[in-house]
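Counted the way full-length UniProt numbering counts, the sequence shown spans residues 1 to 374.
Read the structure below first, then the notes.
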Amino acid sequence: MKQDVSEITVLVVDDTPTNIDVVKGILAESYFVQAAVSGKMALQIIARKKPDLILLDIMMPDMDGYEVCRRLKDNQETHDIPIIFLTAKVEVDDEARGLELGAVDFIAKPISPPILKERVKTHLELKLARDSLEKQNEILEEKVIKRTQQLEEIQDVAMVALGSLAETRDPETGNHIRRTQRYVKLLALQLKDNPRFSDLLTPENITSLYKSAPLHDIGKVGVPDYILLKPGKLTPEEFEVMKKHTTYGRNSIEAAELTISWADNFLVFAKEIAYYHHEKWDGSGYPEGLSGDDIPVSARLMAIADVYDAMISRRVYKSPYPHDKAVAFIQDGKGSHFDPDMVDAFMEVAGQYYEISRKYADSEEEVIAKAGLS
């Protein structure tokens with residue numbers, strides 16, 4: 001990447017006009033040279049438009065070169081401008097102080113034209129190379145961010161598609177996925193500051209929970225139609241078969257998990273939700289009969305979301321329960337079916353659950369079509 005030298009600005013800062021004239025005489029053929037006779041004036045010029053390089057005298061009244069350099073390096077907007085000190089102070093301590101402040105070089109007075117030209121050229125080339133590298137890095141970062149977003153979108157679509165696959169064989173509609181996703185996220189956000197859950201419910205994990213929620217009933221693809229679509233109550237034998245959908249779901253996600261070489265919270269949550277979302281706080285659920293905190297948090301969140309949605313949703317074989325009745329059912333299940341703290345949090349956001357249920361409500365046509373009726 002080549003820059004037209006006529007576009008390159010060098011600012012020389014010196015309280016002695018004759019020194020400025022000397023520098024201009026050496027550099028004017030190659031660069032646009034600006035001048036400032038004080039540190040204050042230099043800062044004002046730089047604030048209006050950044051130069052590409054600064055030649056800075058040290059010994060100046062009011063504000064010396066060290067202070068000018070310090071201010072420029074402390075400012076995020078100007079810290080990357082190369083500064084070369086022009087000075088008669090050539091002691092080692094003076095150079096060390098200047099370099100510590102961020103200067104890139106020292107040129108001793110009286111100024112040697114060949115040395116000045118070569119040093120300025122070298123540091124401008126270094127700056128140009130650095131700027132070019134930073135620009136390339138920015139472009140690369142943008143590409144990485146864009147690609148990551150694309151992969152996340154693909155993952156989201158894939159999860160919803162897989163979840164919908166299970167529901168093509170279930171009287172529920174695709175909106176069940178959208179609702180339960182949002183119920184889980186809403187409840188997780190409500191609980192994130194609770195000391196019991198704050199370590200787990202980080203922003204990243206809440207996002208993973210939201211994305212994994214559609215897979216909660218993926219195991220239903222393994223349940224026979226005569227059981228899955230039965231409008232009446234299941235027999236004890238049929239219910240035992242139905243309960244296996246939790247195991248089928250876990251096994252399918254586990255198989256997917258084995259194909260990757262890194263740990264992924266998304267798949268961990270998906271597996272927990274699929275396998276444990278029918279467990280109950282008092283241990284009376286299935287498939288393992290877990291109780292209390294032995295039930296994964298992800299599954300406890302889904303349990304409330306799934307039960308609420310099942311109650312308020314219309315099916316061909318049942319009318320929907322009113323929102324208030326669904327809320328009362330969950331409240332009555334505090335400490336038996338559901339985690340007590342989660343029920344308390346649910347009660348605080350129950351109104352928002354209702355809003356979600358209305359926004360993503362099933363139409364009558366969807367329910368009928370899903371059941372294969374006309």
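The beta carbon of each residue, even a glycine, is placed where N, CA and C say it ideally should be.
Please list the terminal residues of the continuous alpha helix (DSSP H) segment that includes residue i.
| i | result |
| --- | --- |
| I45 | 39-48 |
| A255 | 245-257 |
| A28 | No alpha helix (DSSP H) holds A28; DSSP gives it neither H nor E. |
| K325 | 323-332 |
| Q181 | 175-191 |
| I356 | 340-359 |
| P203 | 203-212 |
| G98 | 92-101 |
| N265 | 265-276 |
| G65 | 65-74 |
| I260 | Unbroken run through I260: none, as it is neither H nor E. |
| Y308 | 297-312 |
| Y286 | From DSSP, Y286 is part of no alpha helix (DSSP H); its letter is neither H nor E. |
| D225 | 225-228 |
Can you list, in chain order, the residues of its chain whose CB lies under 6 Å from that of residue i, leaving out five sequence neighbours each side?
| i | result |
| --- | --- |
| I26 | P113, L116 |
| I260 | none |
| G222 | Y248 |
| K127 | P82 |
| R250 | K271, A274, Y275 |
| A213 | T180, Q181, V184 |
Would you decide whether residue i is buried or exposed? Buried here means 16 or more other CB atoms lie within 10 Å of its CB.
| i | result |
| --- | --- |
| E272 | buried |
| Q181 | buried |
| G335 | exposed |
| F346 | buried |
| residue 375 | Because the chain in this structure spans residues 1 to 374, residue 375 falls outside the shown range and cannot be described. |
| L56 | buried |
| S132 | exposed |
| A129 | exposed |
| V92 | exposed |
| G351 | exposed |
| K370 | Reliability of the predicted coordinates at K370 is poor, the pLDDT of 46 falling under 50, and no value is obtained from them. |
| D193 | exposed |
| N137 | exposed |
| V68 | buried |
| A255 | exposed |
| Y66 | buried |
| I139 | exposed |
| N75 | exposed |
| V144 | exposed |
| R119 | buried |
| D324 | exposed |
Between residue i and the rest of its own chain, which residues show a CB-CB distance below 7 Å, the 5 nearest in sequence each way excluded?
| i | result |
| --- | --- |
| E95 | F106 |
| G285 | H278, E279 |
| K50 | T78, I81 |
| V104 | P82, I83, I84, H123 |
| G372 | With a pLDDT of 46 at G372, under the threshold of 50, the modelled position of this residue cannot be trusted; read the value that follows with caution. Closer than 7 Å at Cβ, skipping near neighbours: no residue. |
| Y308 | Y183, A326, I330, Y353 |
| I20 | V12, D14, A35 |
| V297 | F197, L200 |
| D362 | T173, N175, S313, R314 |
| K109 | L86, T87, A88 |
| G292 | W281 |
| V22 | I111 |
| D306 | T180, H216, H277 |
Taking the beta strand (DSSP E) that residue i belongs to, which residues open and close that run?
| i | result |
| --- | --- |
| V13 | 9-13 |
| L56 | 53-57 |
| I83 | 83-87 |
| D105 | 105-108 |
| V33 | 32-36 |
Can you confirm whether residue i, when its beta carbon is compared against all beta carbons of chain D, has any partner nearer than 7 Å?
| i | result |
| --- | --- |
| D324 | Judged by its chain identifiers, the structure shown contains no chain D, having just a single protein chain. |
Which whole-angstrom value is the C-beta distance of residue i and residue j, which I expect to be below 8 Å?
| i | j | result |
| --- | --- | --- |
| I46 | L86 | That belief does not hold up - the Cβ atoms of I46 and L86 are roughly 17 Å apart, past 8 Å. |
| S313 | H176 | 7 Å |
| R71 | L43 | 7 Å |
| Y276 | I295 | 6 Å |
| P287 | K243 | 6 Å |
| I54 | Y31 | Not really, about 12 Å apart at Cβ, beyond 8 Å. |
| I111 | K89 | Rounded, the Cβ-Cβ distance is 14 Å, inconsistent with contact. |
| H245 | W281 | Contact flag wrong, Cβ pair sits at about 21 Å. |
| S208 | F269 | 5 Å |
| L191 | M342 | 7 Å |
| G102 | K146 | With 8 Å as the limit, G102 and K146 do not qualify as a contact, their Cβ atoms being about 34 Å apart. |
Quick one: what's got a C-beta closer than 8 Å to residue i's C-beta in the same chain, skipping five residues either side?
| i | result |
| --- | --- |
| residue 375 | Nothing about residue 375 can be read from this structure; the chain reaches only from 1 to 374. |
| P61 | D15, S38 |
| S64 | Reading the sequence as shown, one finds Asp at residue 64 and not Ser. Answer for D64: G39, I58, listed in chain order. |
| I356 | R179, R182, Y183, L186 |
| R224 | Checking the displayed sequence, the identity of residue 224 turns out to be Pro instead of Arg. Answer for P224: V241, listed in chain order. |
| M311 | P320, Y321, K325, A326, F329 |
Q) Quick check: the region 296-308 against the region 187-206, are there 3 or more CB pairs under 8 Å? A) For the pair of segments examined, the region 296-308 was found to touch the region 187-206: the number of CB pairs separated by less than 8 Å reaches three.
Q.
Using 8 Å as the cut-off, can you tell me whether the region 11-21 makes contact with the region 31-40, which would need three or more C-beta pairs spanning the two stretches below that distance?
A. With contact defined as three or more Cβ pairs closer than 8 Å, the region 11-21 and the region 31-40 are in contact.
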